[in-house]
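Chains as they are written, first to last, in the numbering used here: chain X, 4 to 490; chain S, 24 to 289; chain A, 1450 to 1662.
And the structure:
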């Protein structure tokens, strides 16, 4: 594959302050990246990693969007003028795909750069081959899996033959299979083209052996560390772990709850026999399932992508109707409508089964954290004093007290997740169902969340968690439901 | 898969029909052509003739009668409702059958009501026939290359519209989340607005990120862009336009000949 | 300590300092907002359409009360993007989307959207795209509603000019009030709440309101 010259990056005292903010997002950043280097960019959340990458890609905006200090040069020129020669891949694949067919999307960058129409099909084929995405050009992009989508975005970027590749948490929202796919693609690409690579990731064990250098941004400006991976992790391992980076070789320090040896004799919190589930009323995603959610322990639902784990969780939670079979609760949980959660009213559901969705923002209803936590109690008709007591208690327990009046949508990813779990805890349900709770979490958020879930299990709540994460399975123990693709 | 194979591969079942060879911009003009002239006259004959002639063209569109009937169903159900308003509130003329408050049913209003109901169907039909199988990307390419609309706008809007599927998913999930949070029992109106708000937040956020990704791929700069999917006009477009014109002329002529032509503003 | 030079960001895209030129983010966000609002229209079609259909059929013009939501695209577009044509683009895209998802009005929807968007656009233009307060938003809603009223007088399967004066007068009043409240006020509130989430940080609407961090 024809290659472009790898780019050289030069930053001298560079900083950027977004308009409307008092403090700069990044400041006093100085480094030089030689052509062909592979740099891992780390730092606490809020240290400005994404801003730096956006600056390198030249997409931060013009004068009324912010104020720049210092210089940042790619191949000796301003990044804005190098846009077609720098490739940016971001965290959310759906926001990086432009057109609805695979071939069209990969060609988009070439069209923008004015490449001759006759040359474009060749570049598209090369790019798709380089990332190893072997799908027909007419395949709709929305039919791709997460890992495939990210590789498509990478292909779209590669078709422009960039000298500098910037990846901003490319694997954050992917399952383990997708993570491996993307990482392998990137390795293939840099081996083939020798392009300069700068990656932001907190999932470092995946990337560490591919990188030649690690740069750590300090939260209050400047660099914390800059050097070869082994040296940086050895010298700054503690600081990095505290900042939420998954430092290779460091344990999380939580106990692993025991795996349940055999089915417990007591009545399960939720159960279903010969259950068939579907998301919309078209076709069954899974059928013939026999499921039990025992009380007072964790139940983990695992399986490959698209097999129906979320659908099963939401069906058990009484939110999606069963196609055949019935989900029944323990007799003590029965509501006025009986023992089937799908028949319970919304208010009855609140005190029996709490559900934490994959995207916390789907659940937010109000403008401040305090109000958000009070939604459940208000729906149940609790008086002001009792509501306030519960709300304050939860804010304390989840380390969110200082944000009591903040708008839920302005929180960081980890804080939003904690808030969504807290809202569920407000009504003290017997069962808590969580859909991919550790998605996109950095180390700190992960540890806090798992510790919280372990506390809940210890106090007798039944926890059902859908997850890809090996660590979650190990630390929650309990029972396991493994879903397989329908034959 | 070699380049050649990838290029030749088509979706299973995507056979080419006559209408696929017509440029999407021409289809837009056809849609207008097949609806606006009908407004000149409110009468039963022109509506019926227009509907009949368009249905005769069904084989050209590649849609089955069943599909068209299914998509036409909501319109057919709605048509009498539109007619009802005319029935009760048209300016009274001719023999008065019934009157109550502001409502008056007269001979004239009955005629108008029937004609109006029929026209609702005649107006809804072109969109169903013409745009049943249109690919948005193809439409975007046509608007930018043939209609010469600014490519920044056309492609920006095209990219943005890809989000529709995601929003539908979000809307459904939010409904489930509200049931889970205890507020799913009452207050449908309040739920609608709260979900609408979150949808708009998602819209702005996704749009902002997409814009950044597009700019990073060189979009929006001053470089003249090339088109890997050329969109051109052919003889077939002219034929389609003449055909639509013919349908309209025949429909209105039939009305004039049978004496039912009634200019809308008399 | 070294002195740092402060330079305004280089604009090699030739945007210059024309405040009325649309950036890429303006175009894409206008489109995506249009899609979201179109989805809301389609949802409202179920609620409001039933009311509109029933009220329009049976009462002299009270159907206008539900119309306001269908005018909200223009108001939101103008308030968020704040550039010439924003109200028009968002309302038209919303109309196209709501037509494509499926409604009973067909191509008329797009033409209605065009006219309604122009109505709101006119109000924003009168204020020279500099005023975006509650009053302007409400007026934009009225503008869109009035434009819709004029349009439906002549166009459509059952043009209102054939109906009685009482019907049309009541309809105008209802549409204007609905536009002011359901499009103008609700639209203004929605945009303000949007700004508070920080999502509008790349727009003037967001920077005005975002709390300094």
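All C-beta atoms, glycine included, are put in the ideal place defined by N, C-alpha and C. Computed from a prediction, not measured in an experiment: that's the story for all the values here.
Under 9 Å Cβ-Cβ, which residues of chain S neighbour residue i?
i	result
residue 1492 of chain A	194, 215, 218 and 219
residue 527 of chain X	With chain X running from 4 to 490 in the structure shown, residue 527 of chain X is simply not present.
Tell me which residues share the same chain as residue i and place their Cβ nearer than 7 Å to its Cβ, disregarding the 5 neighbours each side in the sequence.
i	result
residue 58 of chain S	146 and 149
residue 426 of chain X	366, 375, 376, 378 and 379
residue 174 of chain S	167 and 248
residue 60 of chain S	271 and 275
residue 136 of chain X	151, 154, 155 and 158
residue 1446 of chain A	Nothing can be reported for residue 1446 of chain A, as the shown portion of chain A is limited to 1450 through 1662.
Which residue wins for smallest C-alpha separation from residue i, given the options the options?
i	options	result
residue 466 of chain X	X:472, X:457 and X:181	X:457
residue 1494 of chain A	A:1658, A:1583, A:1525 and A:1550	A:1550
residue 251 of chain S	S:164, S:229, S:194 and S:201	S:164
residue 62 of chain X	S:234, S:254 and S:212	S:234
residue 1630 of chain A	A:1558, A:1518 and A:1534	A:1518
residue 1588 of chain A	A:1541, A:1643 and A:1628	A:1628
residue 124 of chain X	X:95, X:159 and X:96	X:159
residue 234 of chain X	X:224, X:249, X:221 and X:217	X:217
residue 1612 of chain A	S:239, S:45, S:136 and S:42	S:136
residue 220 of chain X	X:239, X:44 and X:318	X:44
residue 268 of chain S	S:44, S:47 and S:54	S:54
residue 487 of chain X	X:291, X:414 and X:181	X:291
Assuming residue i is part of the beta strand (DSSP E), what are its boundary residues?
i	result
residue 65 of chain X	No beta strand (DSSP E) holds residue 65 of chain X; DSSP gives it neither H nor E.
residue 274 of chain X	273-280
residue 71 of chain X	69-77
residue 1637 of chain A	Careful: residue 1637 of chain A lies outside any beta strand (DSSP E), inside the alpha helix (DSSP H) at 1635-1645.
residue 444 of chain X	Unbroken run through residue 444 of chain X: none, as it is neither H nor E.
residue 466 of chain X	465-469
residue 123 of chain S	119-123
residue 293 of chain X	289-296
Just to confirm the assignment, what range does the alpha helix (DSSP H) spanning residue i have?
i	result
residue 1620 of chain A	1614-1627
residue 84 of chain S	81-84
residue 239 of chain X	232-245
Which bits of chain X does residue i rub up against, with CB to CB less than 7 Å?
i	result
residue 1646 of chain A	410, 412 and 413
residue 1485 of chain A	Simply none; closest approach about 14 Å.
residue 173 of chain S	Chain X residues near residue 173 of chain S: none, gap ~14 Å exceeds 7 Å.
residue 197 of chain S	365
residue 242 of chain S	115
Using C-beta distances below 6 Å, list every residue in its chain close to residue i, excluding the 5 sequence neighbours before and after it, in chain order.
i	result
residue 126 of chain S	111
residue 231 of chain S	none
residue 1637 of chain A	1583 and 1586
residue 262 of chain X	480
residue 32 of chain X	14 and 17
residue 1650 of chain A	none
residue 222 of chain X	47 and 50
residue 119 of chain S	129
In chain order, what residues of the same chain have a beta carbon less than 8 Å from the beta carbon of residue i, not counting five sequence neighbours either side?
i	result
residue 74 of chain X	13, 14, 15, 16 and 17
residue 432 of chain X	353, 354, 355, 356, 357 and 464
residue 144 of chain X	100, 102, 103, 104, 105, 108, 152 and 155
residue 74 of chain S	141, 144, 145 and 148
residue 7 of chain X	88, 164, 165, 166, 196 and 198
Since residue i meets chain X, which of its residues come closer than 8 Å, beta carbon to beta carbon?
i	result
residue 208 of chain S	348, 349 and 350
residue 1656 of chain A	22 and 23
residue 1651 of chain A	64 and 68
residue 233 of chain S	98, 99 and 101
What residues from chain A crowd round residue i, counting only those whose CB sits closer than 7 Å?
i	result
residue 190 of chain S	1484, 1485 and 1488
residue 228 of chain S	1648
Would you mind telling me which residues of chain A sit closer than 8 Å to residue i, beta carbon to beta carbon, in chain order?
i	result
residue 370 of chain X	1642 and 1645
Name the chain S residues whose beta carbon is nearer than 8 Å to that of residue i?
i	result
residue 382 of chain X	204, 205 and 206
residue 54 of chain X	Those do not exist, as residue 54 of chain X stays about 12 Å from chain S at its closest Cβ, beyond 8 Å.
| query | Touching or not, the region 362-374 of chain X and the region 216-231 of chain S, by the rule of three or more beta carbon pairs under 8 Å? | reply | yes
| Is the region 184-200 of chain X in contact with the region 165-175 of chain X, if contact means three or more CB pairs nearer than 8 Å? | yes
| task | Could you say if the region 64-79 of chain X and the region 20-27 of chain X meet the contact criterion of at least three C-beta pairs nearer than 8 Å? | result | yes
| query | Three or more beta-carbon pairs under 8 Å between the region 74-93 of chain S and the region 1581-1593 of chain A, yes or no? | reply | no
| message | Quick test of the definition: if touching needs 3 or more C-beta pairs under 8 Å, does the region 380-398 of chain X touch the region 318-327 of chain X? | response | no
| query | Pairing CB atoms from the region 413-426 of chain X with CB atoms from the region 264-276 of chain X, are three or more of them under 8 Å? | reply | no
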